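Data block below; observations after.
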Amino acid sequence: MALNLNTFISILFDGLAYAMFLFIVSVGLSVTMGLMGIVNLAHGAFAMAGGYMMLTLTRSWGIGFLPSLAITFLMVGAVSVIFERTLYVRLYRATELDQVLLTIGLAFMAIAAYTYFYGPSQQSIRLPSYLTGQIDGGFRTFPTYRVFMIAIGAILIAVLWYVFERTNIGAKIRAAVDNRRMAQSIGIDVDRLFTLTFGIGSGLAALGGGLAVQLVGLSPSFAVIYLVFFLLVVAVGGLGSFKGTLLAALILGIFDTAGKYLYADAGGFFIYAIAMAILLVRPAGLYGRE
Amino acid sequence: MASTAADPHARARAYLATRHHWHWAEALPWLIAIAAFFAFPDRMTFGTQVLVMVLFALSLDLILGYAGIVTLGQAAFFGLGAYTVGLLSVRAGYGEPITGLFAAAAVAAAVGFLTGLVLLRYRGLTLLVLTLSTTILLQEVGNLFKDITGGYDGIPGITIWPLLGLFDYDLYNHTNYTYCLVVLAVLFYVVRRIVYSSFGEALAGIRENVNRMHAVGSPVRWRLVIVYTISAAIAGVSGALFTQTSAYVTLGVFDFDRSAGVMTILILGGTGRLYGAFAGGVIYMLLEDSLSKLSPEFWQFGIGLVLVLVVLFARRGLFGLAQDLGDRLRRKPA
Chain A
8 MALNLNTFIS ILFDGLAYAM FLFIVSVGLS VTMGLMGIVN LAHGAFAMAG
58 GYMMLTLTRS WGIGFLPSLA ITFLMVGAVS VIFERTLYVR LYRATELDQV
108 LLTIGLAFMA IAAYTYFYGP SQQSIRLPSY LTGQIDGGFR TFPTYRVFMI
158 AIGAILIAVL WYVFERTNIG AKIRAAVDNR RMAQSIGIDV DRLFTLTFGI
208 GSGLAALGGG LAVQLVGLSP SFAVIYLVFF LLVVAVGGLG SFKGTLLAAL
258 ILGIFDTAGK YLYADAGGFF IYAIAMAILL VRPAGLYGRE
Chain B
112 MASTAADPHA RARAYLATRH HWHWAEALPW LIAIAAFFAF PDRMTFGTQV
162 LVMVLFALSL DLILGYAGIV TLGQAAFFGL GAYTVGLLSV RAGYGEPITG
212 LFAAAAVAAA VGFLTGLVLL RYRGLTLLVL TLSTTILLQE VGNLFKDITG
262 GYDGIPGITI WPLLGLFDYD LYNHTNYTYC LVVLAVLFYV VRRIVYSSFG
312 EALAGIRENV NRMHAVGSPV RWRLVIVYTI SAAIAGVSGA LFTQTSAYVT
362 LGVFDFDRSA GVMTILILGG TGRLYGAFAG GVIYMLLEDS LSKLSPEFWQ
412 FGIGLVLVLV VLFARRGLFG LAQDLGDRLR RKPA
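Residue numbers (this note's numbering), protein chains in the order written: chain A, 8 to 297; chain B, 112 to 445.
Printed below as a string of structure tokens:
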């Protein structure tokens, strides 16, 4: 497809919506990895769980779309805390290999369980009428759902930025990411902090997964396929960095969309190539510390 | 004692030689493999698959168990080996099996060397993401050149010439089983020599304490690149055997599930103990065979559960578990 102004705007717009999805899911992963250095390969499974929860709530239980999003966030966040207290807590001092194995194991079990109950096929979600159709932007129209996605992303970025940079708890998280031992020795309960961020991070992953059903579809393999993208965002952004995660999500989201628009055949190629190029130059990510 | 202390080289050689001695129990897996050939003549297709996976897991043991490189991309080399043989047969009309193995090893080793040169500078999450991305990139490249690779539908019409020009392939895969067993034995001998050499000791040193190895002046990065290349070559051979014995290959060989699966095999048996790959490979394949007959979900749930249980309760694999159990039993009478 040729690159004209209209295509360019479409790429930016779709890329932005996609980047919001990547950011919402990845931010929790980045902060928990930065806090405890735990490689959590089951993060994609929480996002998938969010997607299926949205399906059940909106389709089977007839709950509205927006309330369902809130319930999904809270439920998956709460359930993830149970996992954190029973299983992840044993990984704090384990080797990286143990973390990889246990969390892959959890992801596989989740994929199998959801395949058993929901089947392996692609699912779609029914949107409320106010989220369908197009919005007239004056010179052209934009799909309403993507506008909604970008708006939710912008609100979350603002809220999270405020919490991270301007509140007491955010300062504690940043201190613990910087230097866990020092933070502990001045009396910050890093374990409690970790449980809290883990819960919120998994809740956000579920929220992102729920929002993404309309954008990228949903099947149990979502947990592994998109996990790779979340890991790329976290690694490229730098562990534990809010700014880095946002920037990485924007770069990868927009370039991936551009690649799919302009070179449909080479589709998924770009996101990996760009992420690898950035990581080769900056192994700790854009805002990471060596 | 005084003379050996004066000559640390001689002492080191003597130590390596004692580790190198063959234990009688090491004959067991081979005897079992030969016995299986006569006991289950109609299950040799399955037996061949087991041997291929054991060899693949052995390649991972070399880097993960001995050198401590945590990678999520071992399937890349398996896939390269598998496609080398497949493409040689279909696009070049060349189906000689043994030189095919060498070609597969060379291609996988070349890619292993080049990527290792770059990737092994990194550790932790960065290394995981980079190895994973390399594998997916190869898969994407394969998908981009669908006309050549056949994409996810696979390459049709792979023909492999008779082994040594003598042994043709039978319906029950008796030739294939013997062929794979011989290749496995040869490469096992090579791997065993490597891990019990001074090079192997240096790898263990890197795994246990990389800073100290730097401090004593060990060329850490080169050693890692070399072992990564060797491991890639062996994984390439296992991939080549996979294509040769099934006469079939699709881009699915690059799937994340394959990298994770081979890791599961190794962890199940136990890392860094050579025979872990054998025990893990047999149990994993038997589980797959029986569980996926019930349903694919049971199988996937099964691997997940195995991984979680092993990390929580049997960190050193089944061999480690058996050792602990043996120690406890021995202590009891006293």
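In this text, a Cβ means the ideal position worked out from N, Cα and C, and glycines have one as well.
Values in this document were obtained by computation on a predicted structure and should not be read as measured data.
By the Cβ criterion, the region 272-289 of chain A is in contact with the region 233-246 of chain A, since at least three pairs of Cβ atoms, one from each stretch, lie closer than 8 Å. Listed along chain A are Leu-287, each with a C-beta nearer than 8 Å to that of Val-229(B). Contact between the region 370-382 of chain B and the region 174-183 of chain B is present: 3 or more CB-CB pairs across the two stretches fall below 8 Å. Check the Cα spacing between Arg-303(B) and each of His-134(B), Ala-123(B) and Lys-404(B): the tightest is with His-134(B). For Leu-423(B), the nearest CB of chain A lies under 9 Å from its own CB, placing it at the interface with that chain.
Phe-205(A) is outside the set of residues whose beta carbon lies under 9 Å from a beta carbon in chain B. Contact check for Phe-149(A) and Ile-159(A): beta-carbon distance about 15 Å, past the 8 Å limit, so the pair fails to qualify. A Cβ-Cβ contact shorter than 9 Å links Leu-191(B) with Gly-350(B).
For Thr-148(A), the three-state secondary structure derived from DSSP is strand. The contact set of Leu-246(A) on chain B, defined by CB atoms closer than 8 Å, consists of Leu-236 in chain order. Rounded to whole angstroms, the separation of the alpha carbons of Ala-388(B) and Ile-180(A) is 42 Å. In the structure shown, Gln-130(A) falls within a strand segment according to DSSP collapsed to helix, strand and coil.
Neighbours of Val-235(A) in chain B, taken as residues whose beta carbon is under 9 Å from its own, are Val-240, Leu-243, Ser-244, Ile-247 and Phe-367 in chain order.
Cα atoms of Ile-317(B) and Leu-62(A): separation of roughly 49 Å, rounded to the nearest angstrom. Within the region 329-391 of chain B, the complete alpha helix (DSSP H) runs of at least 4 residues fall at 331-357 and 367-380. Contact between the region 218-231 of chain A and the region 107-127 of chain A is established, with three or more Cβ pairs separated by less than 8 Å. Residue Tyr-194(B) holds the alpha-carbon nearest to the alpha-carbon of Thr-361(B) among Leu-335(B), Tyr-194(B) and Phe-430(B). For Asp-435(B), the uninterrupted alpha helix (DSSP H) run begins and ends at 428-442, by DSSP. Val-32(A) sits buried, since 16 or more C-beta atoms from the chains shown fall within 10 Å of its C-beta. Around the beta carbon of Met-155(B), a 10 Å sphere encloses 16 or more other beta carbons of the protein chains shown; the residue is thus reported as buried. By the criterion of at least three beta-carbon pairs nearer than 8 Å, the region 257-269 of chain B is not in contact with the region 248-256 of chain A. Distances from the alpha-carbon of Gly-251(A) to those of Leu-98(A), Gly-41(A) and Leu-48(A) put Gly-41(A) closest. Across the structure, Gly-244(A) and Ile-207(A) are spaced so that their CA atoms are roughly 19 Å apart. When only Cα atoms are considered, Thr-110(A) and Leu-222(A) end up about 26 Å apart. For Leu-293(A), the closest C-alpha among the options Ala-183(A), Ala-56(A) and Ser-248(A) is that of Ser-248(A).
Bounds of the beta strand (DSSP E) holding Ile-142(A) are 141-143. Against chain B, the beta carbon of Met-60(A) has no neighbour under 7 Å; the closest one sits roughly 19 Å away. In the structure shown, Leu-225(B) falls within a helical segment according to DSSP collapsed to helix, strand and coil.
Among the CB atoms of chain A, one or more fall inside 9 Å of the CB of Gly-415(B). The beta carbon of Phe-115(A) sits closer than 9 Å to some beta carbon of chain B.
Using a Cβ-Cβ cut-off of 9 Å, Gly-208(A) does not count as an interface residue toward chain B, since no Cβ of chain B sits closer than that to its own. Gln-411(B) and Leu-246(A) have their C-alpha atoms some 30 Å from each other. Chain B has no Cβ within less than 9 Å of the Cβ of Gly-251(A). When the Cα atoms are used, Met-374(B) and Phe-430(B) turn out to be separated by approximately 16 Å.
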